[in-house]
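A quick write-up on the structure given underneath.
Number of protein chains: 2
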Amino acid sequence: MTRLFVIATSALALAGCTTVDASSVASTPAPAIGDHKPAPDTMRWLYASGEAAGASIQTWRQIADYAIAVAQRRTVPQSVPLGLPDADGGIGTPSCLRADGSAKPFAAVFDVDETVLLNTGYEYWQAYSGKSYDPGEWKQWADDGAGIAQPVPGAVTGLRRLREAGITVIFNTNRNSDTAAGTAAAIEATGTGPAVHLENLFLRGDDAMGSRKDGRRARIAESYCVIAMAGDNLGDFADIFNAEDDAIAARRAMVARGTYARLWGDGWFLMPNPVYGAWQKGTVGEVFPPETRWKPEPGDAPAIMEGQ
Amino acid sequence: MTRLFVIATSALALAGCTTVDASSVASTPAPAIGDHKPAPDTMRWLYASGEAAGASIQTWRQIADYAIAVAQRRTVPQSVPLGLPDADGGIGTPSCLRADGSAKPFAAVFDVDETVLLNTGYEYWQAYSGKSYDPGEWKQWADDGAGIAQPVPGAVTGLRRLREAGITVIFNTNRNSDTAAGTAAAIEATGTGPAVHLENLFLRGDDAMGSRKDGRRARIAESYCVIAMAGDNLGDFADIFNAEDDAIAARRAMVARGTYARLWGDGWFLMPNPVYGAWQKGTVGEVFPPETRWKPEPGDAPAIMEGQ
């Protein structure tokens, strides 16, 4: 019974329908503040669905299986491509050997937000309040969220397995460096630490490249052989993917075909996050190129209803 | 998918909802029809982002690597748990041996929509028109979508690798059985076929269990040793996960902890789909249980803005 009402409410909202009490409903938009309004589908999926839990558990298993297998080989492996431009303008692969010919230790590099941690507290506040992103509130959350932020399902086990196999776990996040203490505390409170600033935790502001992570990746690769990377944003792998601001189809094609497609699941690992990200733009016409579109035959199509 | 939308349609009818024309809508927000309005974030992520392409490529690689490794072992493997209730009310694991003691051939079982195919055409129409689910329009799309529906990135390569390794590819979809010809054509047009109804393609209506797939899984397991399953909905693995209609937190906990958590990436594989599904319900308060919530200190919180 509960489910029927919940779905009915969602369906009514989708269809823009009026209820019997049309006079009050038609003039009153959905309440902007509170726990009782429908959650956005993006948050329902990422923070509350069993589907998203299954997806992240399987990917953390894939990361650990992959990196441990690489670490157990008898030969020095190649680093994964790290987003450092090579001579051809592509993505370079640093050496896993030091200048003296000795082997660098293994590391796996991870984004933090929605890769290791779920920012349930801050996202709850956005959903509850109806507010958009506010840098001051985000800093409060980054400073104080320890104990509320949840681990991404699978991350605790995955990171423990990596560390037990002798692989150094390194975090590379675009949280600001002035939140380093709070970020380390939030990581450790979920059981995915330790995290120590400038040892295995790097943040935006640690260098002069802003939110671009290639410089931090280069710094890590000076000391480590990076055998796996994971994140929820293409910028967690190479800055080049976010260089073209408005080319939605080109950005997808670049990672889904050709040189880089072979890396997904083979050194690079993507944690699904439909709540926010660099992909969060585009009109209906941009998301669906002409060859992907369809419309029903008019004979079977009732009049289009208003609203959405 | 279809099951949820049918319920939504019924709910509209129960609620006495009527279609209204533009003049009776007091406050009309963004234009409801057209290519130029912002696409929903769910569709931006699934159909247009490089992130979603990377996620599905890595999972299809994981499926093929896993199933091929199992098939190459010298011993008869166990089937993956299939959603058939066992004596304890849990999920049973059928035998991979026939009654005469011989080994059944290997199979991998896949959902179709948003697991093998992206329904870009129908979803474009929903985004363009602002309409909610319409069974007549969906049937048109299921009948006629061949050549417009896109393969999920990674599916063509993944299914080819499975078949080359001697593993039978079987599709188990909740499209209606009266769309079998169109569904097979859509699968084959993306390069992920062949698909032949009642041989390796099973649909809703092939038995009397409606959208519940356990019966079709049992039928498949009579002839095959099922070594991998993939889908975008928990119902693609076992009906039990969708039995509790209103327990959002319990549904996630059931798959993320305990008995079933170990199966993700180890026989069961989840394709991320934030656009629609059985998870698509819940208020802000249900999606974020009390222990996951946070609010900023009032001193730093500007006045709450209306809308979202």
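Chains A and B are the protein sequences, given in the same order.
Sequential numbering of the first sequence, starting at 872, is according to this note's numbering.
Sequential numbering of the second sequence, starting at 872, is according to this note's numbering.
Idealized CB from N, CA, C, for every residue including glycine.
Legend entry - Beta carbon proximity, B:N1045 to chain A, threshold 8 Å: Within the second sequence, residue 1045 of chain B is the residue found at index 174, counting from 1. It does not: the Cβ of B:N1045 has no partner Cβ on chain A nearer than 8 Å.
Inset, instruction - Put A:L1030 into one of helix, strand or coil per three-state DSSP. - result: Position 159 of the first sequence, counting from 1, holds the residue named residue 1030 of chain A. If DSSP states are grouped into helix, strand and coil, A:L1030 belongs with the helices.
Legend entry - Span of the alpha helix (DSSP H) around B:G1053: In the second sequence, residue 1053 of chain B corresponds to position 182, counting from 1. Its alpha helix (DSSP H) spans residues 1051-1060.
Legend entry - Expected contact under 8 Å - CB spacing of A:Q997 and B:Q933 to nearest Å: Position 126 of the first sequence, counted from the first residue, corresponds to residue 997 of chain A. Position 62 of the second sequence, counted from the first residue, corresponds to residue 933 of chain B. At roughly 32 Å, the Cβ-Cβ gap does not stay under 8 Å, so A:Q997 and B:Q933 are not in contact.
Legend entry - Nearest residue (CA-CA) to A:E1162, options B:T991, B:T986, B:W916, B:S920: Within the first sequence, residue 1162 of chain A is the residue found at index 291, counting from 1. The shortest Cα separation from A:E1162 among B:T991, B:T986, B:W916, B:S920 belongs to B:T991.
Inset, instruction - For A:M1080, decide whether its Cβ has a neighbour in chain B, counting only Cβ atoms nearer than 8 Å. - result: As a first step, residue 1080 of chain A must be located in the first sequence, where it is residue number 209. It does not: the Cβ of A:M1080 has no partner Cβ on chain B nearer than 8 Å.
Legend entry - Distance, B:G1102 Cα to A:Y993 Cα: Taking the first sequence and counting its residues from 1, one reaches residue 993 of chain A at position 122. Taking the second sequence and counting its residues from 1, one reaches residue 1102 of chain B at position 231. Each residue's Cα considered, the two are about 30 Å apart.
Inset, instruction - Run down chain A in chain order and give the residues with a C-beta less than 7 Å from the C-beta of B:A1052. - result: As a working mapping, residue 1052 of chain B is identified with position 181 in the second sequence. Those do not exist, as B:A1052 stays about 17 Å from chain A at its closest Cβ, beyond 7 Å.
Legend entry - Backbone secondary structure at A:N1113 - three-state DSSP: For the purposes of this step, residue 1113 of chain A is taken as residue 242 along the first sequence, with counting starting at 1. Of the three classes helix, strand and coil, the one that applies to A:N1113 here is helix, per DSSP.
Legend entry - Same chain, Cβ closer than 7 Å to B:A938, five either side skipped, listed in chain order: Counting from 1 along the second sequence, the entry for residue 938 of chain B is found at position 67. Cβ neighbours of B:A938 beyond the five flanking positions: A979, L1033, I1038, I1098, A1099.
Inset, instruction - Give, in chain order, every unbroken run of the beta strand (DSSP E) that is at least 3 residues long and sits entirely within the region 1067-1129 of chain B. - result: 1072-1075, 1096-1102
Legend entry - Selection of the region 1074-1104 of chain A by Cβ proximity to chain B, strictly under 8 Å: D1103, N1104
Legend entry - DSSP-derived helix/strand/coil call for B:D984: Position 113 of the second sequence, counting from 1, holds the residue named residue 984 of chain B. Strand at B:D984.
Inset, instruction - For B:A1092, I'd like the list of residues in its chain whose CB is within less than 6 Å of its CB, leaving aside the five on either flank, ordered along the chain. - result: Position 221 of the second sequence, counted from the start, is the residue given in the question as residue 1092 of chain B. Excluding residues within five positions, the ones whose Cβ falls inside 6 Å are L953, P965.
Inset, instruction - Examine chain A for any beta-carbon lying closer than 8 Å to the beta-carbon of B:P909, and answer yes or no. - result: For the purposes of this step, residue 909 of chain B is taken as residue 38 along the second sequence, with counting starting at 1. Chain A contact via Cβ: present.
Inset, instruction - Using alpha carbons as the reference points, say which of B:E1157, B:G1138, B:N1113, B:T986 lies closest to B:S1082. - result: To locate residue 1082 of chain B, count along the second sequence from 1; it is residue 211. Comparing Cα-Cα distances from B:S1082 to each of B:E1157, B:G1138, B:N1113, B:T986, the minimum goes to B:N1113.
Legend entry - Identified DSSP bridge partners for B:T1154: Position 283 of the second sequence holds residue 1154 of chain B. Bridge partners of B:T1154: A:P909.
Legend entry - A:V1040 - containing beta strand (DSSP E), residue span: Locating residue 1040 of chain A in the first sequence gives position 169, counting from the first residue. Element bounds for A:V1040: 1039-1047.
Inset, instruction - Pick out whichever of A:D971, A:N1047, A:E985, A:G963 has its Cα sitting closest to the Cα of A:I1111. - result: One-based indexing of the first sequence puts residue 1111 of chain A at position 240. When only C-alpha atoms are compared, the closest one is A:G963.
Inset, instruction - Kindly say whether B:R1122, judged by its beta-carbon, lies nearer than 8 Å to any beta-carbon of chain A. - result: By one-based count along the second sequence, residue 1122 of chain B stands at place 251. Chain A contact via Cβ: present.
Inset, instruction - Would you grab the beta carbon distance between A:Q929 and B:W1135 for me? Rounded to a whole angstrom, and I think it's under 8 Å. - result: Within the first sequence, the letter at position 58 stands for residue 929 of chain A. Within the second sequence, the letter at position 264 stands for residue 1135 of chain B. Rounded, the Cβ-Cβ distance is 4 Å, consistent with contact.
Inset, instruction - For the alpha helix (DSSP H) containing A:W1139, list its first residue and its last residue. - result: Taking the first residue of the first sequence as position 1, residue 1139 of chain A is located at position 268. Where A:W1139 is concerned, there is no enclosing alpha helix (DSSP H), although the beta strand (DSSP E) it sits in stretches over 1139-1141.
Legend entry - Inter-residue spacing [alpha-carbon to alpha-carbon] between A:A974 and B:P948: On the first sequence, position 103 is the one that residue 974 of chain A refers to. On the second sequence, position 77 is the one that residue 948 of chain B refers to. So the two alpha carbons sit approximately 39 Å from each other.
Inset, instruction - Spell out whether any CB of chain A is found under 8 Å from the CB atom of B:E1168. - result: By 1-based counting over the second sequence, the position of residue 1168 of chain B is 297. Output row for B:E1168: interface = yes.
Inset, instruction - Over the uninterrupted alpha helix (DSSP H) stretch that includes B:K1180, give me the two end residues. - result: There is no way to answer for residue 1180 of chain B, as the model of chain B reaches only from 872 to 1179.
Legend entry - Cβ-based burial, B:V1155 [other Cβ within 10 Å; buried from 16]: Counting from one through the second sequence, the residue named residue 1155 of chain B turns up at place 284. It is buried - the Cβ of B:V1155 has at least 16 other Cβ atoms within 10 Å.
Legend entry - Candidates B:T1130, B:A1052, B:T1028, of which the one nearest B:W1012 by Cα: Numbered from its first residue, the second sequence carries residue 1012 of chain B at position 141. Nearest C-alpha to B:W1012: B:A1052.
Legend entry - Cutoff 7 Å; reference B:N1144; Cβ partners in own chain excluding five residues on either side: By 1-based counting over the second sequence, the position of residue 1144 of chain B is 273. These residues qualify, in order along the chain: L917, E985, D1103.
Inset, instruction - Would you please state the rounded distance, in angstroms, between the beta carbons of B:V1027 and B:T1061? I believe it to be under 8 Å. - result: Counting from 1 along the second sequence, the entry for residue 1027 of chain B is found at position 156. Counting from 1 along the second sequence, the entry for residue 1061 of chain B is found at position 190. With 8 Å as the limit, B:V1027 and B:T1061 qualify as a contact, their Cβ atoms being about 7 Å apart.
Inset, instruction - Determine, using beta carbons only, whether B:D982 comes closer than 8 Å to chain A. - result: The count along the second sequence starts at 1 and reaches residue 982 of chain B at position 111. It does not; no Cβ of chain A falls within 8 Å.
Legend entry - Under 7 Å from the C-beta of B:D1049: neighbouring residues of chain A: Position 178 of the second sequence, counted from the first residue, corresponds to residue 1049 of chain B. The premise fails here: B:D1049 is roughly 15 Å from chain A at the closest Cβ pair, so nothing lies under 7 Å.
Inset, instruction - Would you give the residue range spanned by the alpha helix (DSSP H) that A:P1006 belongs to? - result: As a first step, residue 1006 of chain A must be located in the first sequence, where it is residue number 135. 1006-1015 is the extent of the alpha helix (DSSP H) around A:P1006.
Inset, instruction - Given a cut-off of 8 Å, decide if A:D912 and B:Q1151 are closer than it, judged by their beta-carbon atoms. - result: To locate residue 1151 of chain B, count along the second sequence from 1; it is residue 280. To locate residue 912 of chain A, count along the first sequence from 1; it is residue 41. Yes, the Cβ-Cβ distance between B:Q1151 and A:D912 is below 8 Å.
Legend entry - Length of the line joining the Cα atoms of A:P1022 and A:D982: As a position in the first sequence, residue 1022 of chain A is number 151, starting the count at 1. As a position in the first sequence, residue 982 of chain A is number 111, starting the count at 1. Rounded to the nearest angstrom, the two C-alpha atoms are 13 Å apart.
Legend entry - Test item: CB-CB of A:A1118 and A:D1085 under 8 Å: Here residue 1118 of chain A refers to the residue found at position 247 when the first sequence is read from its first residue. Here residue 1085 of chain A refers to the residue found at position 214 when the first sequence is read from its first residue. Cβ atoms of A:A1118 and A:D1085: not closer than 8 Å.
Legend entry - Below-8 Å beta-carbon distance, B:I939 vs any chain A residue: As a first step, residue 939 of chain B is located in the second sequence; it is residue number 68 there, counting from the start. No, B:I939 lies away from the interface with chain A (no Cβ there is under 8 Å from its Cβ).
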